[in-house]
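Taken in sequence, the protein lines are chains A and B. Position 190 of the first sequence, counting from 1, maps to 190 under the working numbering, and the rest follow consecutively. In short: position in the second sequence from 1, add 1000, done, that's the working numbering. A virtual CB, placed ideally from N, CA and C, is assigned to each residue, including glycine. Every value quoted in this text rests on a predicted model; they were computed, and no experiment measured them.
Number of protein chains: 2
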Amino acid sequence: MTKERGNAVVGQSGGPTAVINQSLVGVVEGLRQGLAASGSVARILGMRHGVNGLVKGDLIDLSAVPQDTLERVADTPSAALGSSRDKPDPEYCGKILRACEEKNILWFFYIGGNDSSDTCRIVSEMAKQAGYPLRCLHVPKTVDNDLPGSDHTPGYPSAARFVATAFRADALDGRSLPGIKINVVMGRNAGFLTAAAALARERDDDGPHLIYVPELPFDPARFVQDVERVYARLGRCQVALSEGIVDAQGTSIGATLIRSGQTDSHGNAQLSGSGALGDALAELLKAELGTRASKAPRVRADTFGYLQRCWPDASPVDRSEARAAGRVAARLAAEGVEEASVALIRTSDAPYACDLRRIDLSEVAAKTRHLPEEFRQGTTDVSRAFLEYARPLVGDLPRAAWL
Amino acid sequence: MTKERGNAVVGQSGGPTAVINQSLVGVVEGLRQGLAASGSVARILGMRHGVNGLVKGDLIDLSAVPQDTLERVADTPSAALGSSRDKPDPEYCGKILRACEEKNILWFFYIGGNDSSDTCRIVSEMAKQAGYPLRCLHVPKTVDNDLPGSDHTPGYPSAARFVATAFRADALDGRSLPGIKINVVMGRNAGFLTAAAALARERDDDGPHLIYVPELPFDPARFVQDVERVYARLGRCQVALSEGIVDAQGTSIGATLIRSGQTDSHGNAQLSGSGALGDALAELLKAELGTRASKAPRVRADTFGYLQRCWPDASPVDRSEARAAGRVAARLAAEGVEEASVALIRTSDAPYACDLRRIDLSEVAAKTRHLPEEFRQGTTDVSRAFLEYARPLVGDLPRAAWL
């Protein structure tokens, strides 16, 4: 049943990251050294804008791209092939399968997050049912760090590096001109990226002073009290707030504030690309604290937005691991696995070391991992365990000096 | 009338920048090598939070701070002494003068923008009237680049570097997941910082595709047409928009959108620290284009916020010039000038060279420079002359690679 020789296709999906091109290059390199070198893979094809390009026949041939071009692409943030928000249903997956058959594609590599691993899983099952020998390999990627089965996910360390750097710089700005500052951080369901703000701290009274993650219900009245307490003590207060915060009923605070209620193609409310959440909470603080304090505090909100996932200063660990994840997927394909994702398993904290292994697609697909309880401290901080977890991922940050 | 020996005081004012500490260190170094070495300056004092600290007696002695600490402070963004938004009126300036007399301060250095130079001017005039031999030296600083008499202002090149880097990275994100993206840039009255977004372009169809500066009236209907035209051609559109855009009557578009209408202590409406302007224009585009296009385009807005002025990746030229500006102010003091600001005069384009010279405070104080007509092209772009002007200031940017 197994065809001797066929093509491989690779695509990128979902929100881009600073290192998703490392994984793309890792897959291409891994194939060149493995299945392409042995003659099993004839051509390495790239999907333009994910499975959307595959079903439309919008493919490019990556077989002969020179290594120095690959290296420069690997160091470029965002998806060099283009990405897609399409979430294939069974009908769509049927089209994917037919496109693979038509192009004699026997290996399907998809770099992405929760939804992309689910696409791999569905396509793999449909191929089996149809008796078509398609191997489906998922390469993990998400700034949200919310894939189960891994210590962390490629893309997260670089986004966390941006967030920690931004909080450190913004805290210096907040010492210069004190006030209350809310910074809204990406992360629809998981608080890992918001938690990374805590890496900004160098001194005891450094921000962020309050951290709000989606794993705990957000209560506006308690939020006002929290801020008032810090502001009374320090004369300033820096807040890290996830765009994904929800109330006690699990309703998104941000989604209800964004007037148009635009949803993406997965039916998720648009949270990023709007400052509405931060602005509304700043207004709340102005209204509540403006009347209580002797002098109305200066209140500002910034929403870090898309720069979190595309800033061209990737974490060294992330660059290396994202590349390795692509190569491991290609190696698993060479070993003959029918379907797999790649898990990152930390093997040592000091010095930091991480192993990349096969994991079943079903263990990753369409599941969400949350910031675990041992990484939280109280309702507004992260634990020492989280700091020790995140520090080696993010790498050294620019240090501040004081007079 | 001239006292033989007295103290010098230095302060930082207004919005911090990535290099305002370079200027602080430049003043301290310049004094140590000049007036302090010769014995004229006894102690070098720093004002905590600008003139606010001076009148309250909140000063620190910088005379003995070790050079390696100074070097690390110089490389730290934001105002190490703390900054202030106080805009002294004559009564306040009277307090400043009395504080100088009480502390035997004969040299007053103030690092800041338009308002700070005006404070220097008023204090200098009051000192003359009172017969007190106070020398007032202004060291220029503003990310807005809106001080007259100079080619550019320290602080601008680093903020422009952040903006250009952000637009380049965001444009890659926008190629990955195409749509319409509005990025709101700082700059209340002058479009220099927004114009710097154009440095992001590497290829002909790279963003920003539309640039809106405060120097030209903003017409929402024409804005919708502009975006529609670009989007129809490229399937994506990246917009650089100044927070300071005004309508044909000169009314701030952003200020009218920010519900609370909070004003700073200068009576200016708060523009930064809110996403309201970008969000409102995104809503406008969704409403207008959603009905016209066959498929509603993806529209997002990010407001870059305070990261523009504190990001720890200063431009090399800016670092060096901000330091030099502080040293030149100290040298002018040693030469006996009674009052002065420092102007940056470009002497060569290729290779870039810039000379720092004395300029009368009255030529700088409380005046605003705008993006000149020769730096604009049409109503939505900058000219080649602007690109040639800005490129050496910003330095090399991370380069992108494509497949």
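ask   = Is the beta carbon of Ser176 of chain A sitting closer than 8 Å to the one on Pro1140 of chain B?
value = no
query = Looking at the structure shown, is Met126 of chain A part of a helix, part of a strand, or coil, going by DSSP?
reply = helix
task = Verify the CB distance criterion: does Pro1066 of chain B have a CB-CB separation below 8 Å to chain A?
result = no
ask   = What distance in whole Å lies between the Cβ atoms of Ala301 of chain A and Phe184 of chain A, which are believed to be in contact at a cut-off of 8 Å?
value = One point to set straight first is that residue 184 of chain A is Val, not Phe, in the sequence displayed. Right, the Cβ-Cβ distance comes to about 7 Å (below 8 Å), so this counts as a contact.
query = Just how far apart, CA to CA, sit His1049 of chain B and Val213 of chain A?
reply = 33 Å
inquiry  = For a contact defined as C-beta to C-beta under 8 Å, what are the partners of Cys1310 of chain B on chain A?
reply    = Ala169, Asp170, Leu172 and Asp173
query = Using 8 Å as the limit for Cβ to Cβ distance, is Arg369 of chain A near chain B?
reply = no
query = Per DSSP, what kind of secondary structure is Leu1241 of chain B in: helix, strand or coil?
reply = strand
request  = Check the Cβ-Cβ distances between Arg1072 of chain B and every residue of chain A, and say whether any is below 8 Å.
outcome  = yes
Within chain B, the residues that Ser315 of chain A reaches when beta carbons sit closer than 9 Å = Within chain B, no residue comes near Ser315 of chain A; the closest Cβ sits about 15 Å away, beyond 9 Å.
inquiry  = Rounded to the nearest angstrom, what separates Ser1083 of chain B and Leu284 of chain A at their Cα positions?
reply    = 26 Å
task = Compare the C-beta of Gly1305 of chain B with all C-beta atoms of chain A and state if any pair is closer than 8 Å.
result = yes
request  = Please work out which residues of its chain come closer than 7 Å, Cβ to Cβ, to Pro1297 of chain B, disregarding the five sequence neighbours upstream and downstream, and give them in chain order.
outcome  = Gly1179, Ile1180, Tyr1231 and Leu1289
key: CA nearest to the CA of Leu1241 of chain B, picked from B:Ala1190, B:Ala1099 and B:Asn1052   = B:Ala1190
message = Using the Cβ count rule (16 or more neighbours within 10 Å means buried), how would you classify Pro1312 of chain B?
response = buried
key: Unbroken beta strand (DSSP E) run spanning Lys103 of chain A, endpoints   = Element bounds for Lys103 of chain A: n/a, residue is neither H nor E.
query = When DSSP labels each residue in this structure, what does Ser383 of chain A get in the three-state scheme?
reply = coil
request  = Using alpha carbons as the reference points, say which of B:Pro1157, B:Met1047 and B:Arg1327 lies closest to Gly1030 of chain B.
outcome  = B:Arg1327
query = Under 8 Å, do Leu59 of chain A and Leu45 of chain A count as touching if we go by C-beta distance?
reply = yes
Tyr1110 of chain B in three-state terms, based on DSSP = strand
key: Assumed close pair Leu371 of chain A, Glu215 of chain A - CB separation to whole angstroms, cut-off 8 Å   = 5 Å
request  = In angstroms with no decimal places, state the Cα-to-Cα distance between Ala366 of chain A and Asp118 of chain A.
outcome  = 5 Å
query = Under 8 Å, do Gly1112 of chain B and Ser1013 of chain B count as touching if we go by C-beta distance?
reply = yes
query = Is any beta-carbon of chain B found at less than 8 Å from that of Asp144 of chain A?
reply = no
query = With DSSP run on the structure shown, which of helix, strand or coil describes Lys87 of chain A?
reply = coil
message = Please list the terminal residues of the continuous alpha helix (DSSP H) segment that includes Ala52 of chain A.
response = Contrary to the premise, residue 52 of chain A reads as Asn rather than Ala in this sequence. Here the alpha helix (DSSP H) through Asn52 of chain A covers Val51 to Lys56.
task = Please name the residue in B:Ala1171, B:Asp1173 and B:Ala1164 whose C-alpha comes closest to that of Ala1195 of chain B.
result = B:Ala1164
ask   = To which residues of the same chain is Arg1358 of chain B closer than 6 Å at the C-beta, ignoring the five residues directly before and after it?
value = Leu1332 and Ala1340
Neighbourhood of Phe386 of chain A by C-beta, 6 Å cutoff - its chain only, sequence neighbours within 5 removed = Ala195 and Phe375
ask   = Taking the beta strand (DSSP E) that Tyr212 of chain A falls in, what are its first and last residues?
value = Leu210 to Tyr212
ask   = Going by DSSP, what residues sit across from Pro1140 of chain B in a beta bridge?
value = B:Gly1112
inquiry  = Short of 9 Å Cβ to Cβ, which residues in the segment 1380-1399 of chain B face chain A?
reply    = Leu1397, Pro1398 and Arg1399
inquiry  = Among the candidates A:Gly235, A:Ser274, A:Phe223 and A:Phe218, whose CA atom is the shortest distance from the CA of Ser252 of chain A?
reply    = A:Phe218
query = Along the chain, where does the beta strand (DSSP E) that runs through Arg1357 of chain B open and close?
reply = Ala1353 to Ile1359
ask   = Taking C-alpha atoms, which residue in B:Thr1347, B:Val1028 and B:Asn1021 lies nearest to Gly1155 of chain B?
value = B:Asn1021
query = Hey, does Arg229 of chain A have any beta-carbon neighbour from chain B nearer than 8 Å?
reply = no
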